[in-house]
Amino acid sequence: MTGRRALRQLAAASPLLLAAGCGPLSSALGSAGPQARGIETLWWLFFWVCVAVYAVVLLWLGYALLHRQRRTAGPDTQADAGREQTAARGLVAWVGGTVAILFALTFASFWTDRGLSSAPAGETIDVEVTANQWWWQVRYLDADPSRSFITANEIHVPVGTFVKLTLRSQDVIHSFWVPNLAGKQDLIPGRENTLAFTAEREGVYRGQCAEFCGLQHANMAIEVVAEPVETFAAWREAQLQPAAEPANEQATRGRDTFLASACVMCHSIRGTVAGGHTAPDLTHLASRRFIAAGTLPMSRGNLGAWIADPQTLKPGNHMPIVGMSADDFQSLLAFLDGLK
Ligand code: CUA
Numbered sequence: 104m105t106g107r108r109a110l111r112q113l114a115a116a117s118p119l120l121l122a123a124g125c126g127p128l129s130s131a132l133g134s135a136g137p138q139a140r141g142i143e144t145l146w147w148l149f150f151w152v153c154v155a156v157y158a159v160v161l162l163w164l165g166y167a168l169l170h171r172q173r174r175t176a177g178p179d180t181q182a183d184a185g186r187e188q189t190a191a192r193g194l195v196a197w198v199g200g201t202v203a204i205l206f207a208l209t210f211a212s213f214w215t216d217r218g219l220s221s222a223p224a225g226e227t228i229d230v231e232v233t234a235n236q237w238w239w240q241v242r243y244l245d246a247d248p249s250r251s252f253i254t255a256n257e258i259h260v261p262v263g264t265f266v267k268l269t270l271r272s273q274d275v276i277h278s279f280w281v282p283n284l285a286g287k288q289d290l291i292p293g294r295e296n297t298l299a300f301t302a303e304r305e306g307v308y309r310g311q312c313a314e315f316c317g318l319q320h321a322n323m324a325i326e327v328v329a330e331p332v333e334t335f336a337a338w339r340e341a342q343l344q345p346a347a348e349p350a351n352e353q354a355t356r357g358r359d360t361f362l363a364s365a366c367v368m369c370h371s372i373r374g375t376v377a378g379g380h381t382a383p384d385l386t387h388l389a390s391r392r393f394i395a396a397g398t399l400p401m402s403r404g405n406l407g408a409w410i411a412d413p414q415t416l417k418p419g420n421h422m423p424i425v426g427m428s429a430d431d432f433q434s435l436l437a438f439l440d441g442l443k
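Just so we're aligned, residue 104 is where the sequence shown starts under the working numbering, counting upward by one.
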């Protein structure tokens, strides 16, 4: 099946070309788990059925054009009646074939859909994802409430473990879509949806809000980091800790600046009095790969650019400019950059 291989390569390469240098891939044709694989298989089934139907129709059309008969004399009623009968039988066969194919595809869709919601026995990780304009709040749930914690825009999961997401929205309808791992699921205000996946391969899988949700819809990315069980356990333990103490005098001054500013109205930092919940939790901000929901890679320089003027980097987002002196600004960056 060289054609199929070539198509696969093309499908795998096109996002690569588009996203060259932009980090992890995001492709529904590169499934990394059973749920995404079910969808990918269904996609190929639809693709090949459509190719086959298209080819048959074109071949038939070509045949008809090549073998069309020119009338030379007047009507030949006996031959016309015979042809009409053949045409009627042909029509019944075509309609029957079409209905059978549509039924088969509908059944395959239904079967794939059923497979998506079946949970395997064994450990499950429960994560609640709340969409906001334009970022994702991620809350890890645990039977022991003291072991629940909140982070943002990045979901870490252990390889091979079933992950159940509960999806909510704070404002408008968004859609959670990490194509390598699962299908799309909407996040609807006042409603709760679920989505499940198991990552079978280590890697960073990029997801994207897939429902237009306002000005910065395109800058509403999420990453799923699938890592070995031990790495995940260590990450989880680290995330459970309160924020790191400032490492030096400058960072300490930065913490004071943060706590005395309007930042605390929206952001939380566990271990401090900052307890706002309308913006991303910053407790372990510097441990994340990106800031502003995939807009900028995490670095002190990018943090500085973001805080200095969030509206230039992501116009329309809800973060205001918080005025402060240059010294306070540098101290604040030293503090935030230390929140590993
Ligand atoms: Cu959120 Cu589009």
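For each residue, glycine too, the CB sits at the ideal point set by N, CA and C.
Predicted model only: the values in this text are computed from it and were never measured.
Starting from residue i and walking both ways along the alpha helix (DSSP H), at which residues does that stretch end?
i, result
"Leu436", "Ala429 to Asp440"
"Gly218", "Thr180 to Ser220"
"Trp49", "Since the first residue shown for the chain is 104 and the last is 443, residue 49 is missing from the structure and cannot be characterised."
Quick check: does the Cβ of residue i come within less than 7 Å of any heavy atom belonging to the ligand CUA?
i, result
"Ala234", "yes"
"Phe315", "yes"
"Trp280", "no"
"Cys312", "yes"
"His320", "yes"
"His277", "yes"
"Met427", "no"
"Trp151", "no"
Around the C-beta of residue i, are 16 or more other C-beta atoms found within 10 angstroms, so that it is buried, or is it exposed?
i, result
"Leu435", "buried"
"Ile142", "buried"
"Gly419", "exposed"
"Tyr166", "exposed"
"Arg309", "buried"
"Leu235", "Residue 235 is actually Asn in this sequence, not Leu. By the neighbour-count rule (16 or more Cβ atoms within 10 Å), Asn235 is buried."
"Thr440", "The amino acid at residue 440 is misidentified as Thr; the sequence shows Asp. Per the 10 Å Cβ criterion, buried."
"Val160", "exposed"
"Ser428", "exposed"
"Trp409", "buried"
"Ile325", "buried"
Which first and last residues belong to the beta strand (DSSP E) in which residue i is found?
i, result
"Ala354", "From DSSP, Ala354 is part of no beta strand (DSSP E) but of the alpha helix (DSSP H) over Glu352 to Ala363."
"Ala255", "Phe252 to Ala255"
"Trp338", "Looking at the DSSP string, Trp338 is not in any beta strand (DSSP E); the run it does join, the alpha helix (DSSP H), is Val332 to Leu343."
"Thr301", "Asn296 to Thr301"
"Ala234", "Thr227 to Asn235"
"Asp289", "Gln288 to Leu290"
"Ser129", "Counting along the chain, Ser129 falls outside any beta strand (DSSP E), and DSSP gives it neither H nor E."
"Val266", "Phe265 to Ser272"
Report task. Kindly provide the ranges of any alpha helix (DSSP H) runs that are 4 or more residues long and lie completely inside the stretch 379 to 433, ordered along the chain. Result -> 403 to 411 and 413 to 416
Query raised in the report: For the 8 Å Cβ check, are there 3 or more pairs between the stretch 397 to 406 and the stretch 265 to 281?
Result: no
Requested in this report: Please confirm if the stretch 287 to 301 is in contact with the stretch 378 to 395, defined as three or more CB-CB distances below 8 Å between the two stretches.
Outcome: no
Report task. State whether the stretch 342 to 362 contacts the stretch 317 to 328, with contact taken as three or more CB pairs (one from each stretch) at a distance under 8 Å. Result -> no
Query raised in the report: Between the stretch 178 to 197 and the stretch 255 to 269, do three or more beta carbon pairs fall short of 8 Å?
Result: no
Query raised in the report: Looking at C-beta atoms only, is the number of pairs between the stretch 239 to 251 and the stretch 370 to 378 that lie closer than 8 Å three or more?
Result: no
Requested in this report: Evaluate contact between the stretch 128 to 136 and the stretch 278 to 289, counting only Cβ atoms and requiring at least three cross-stretch pairs below 8 Å.
Outcome: yes
Query raised in the report: Would the stretch 132 to 152 and the stretch 296 to 303 be scored as touching if the rule is three or more Cβ pairs under 8 Å?
Result: yes
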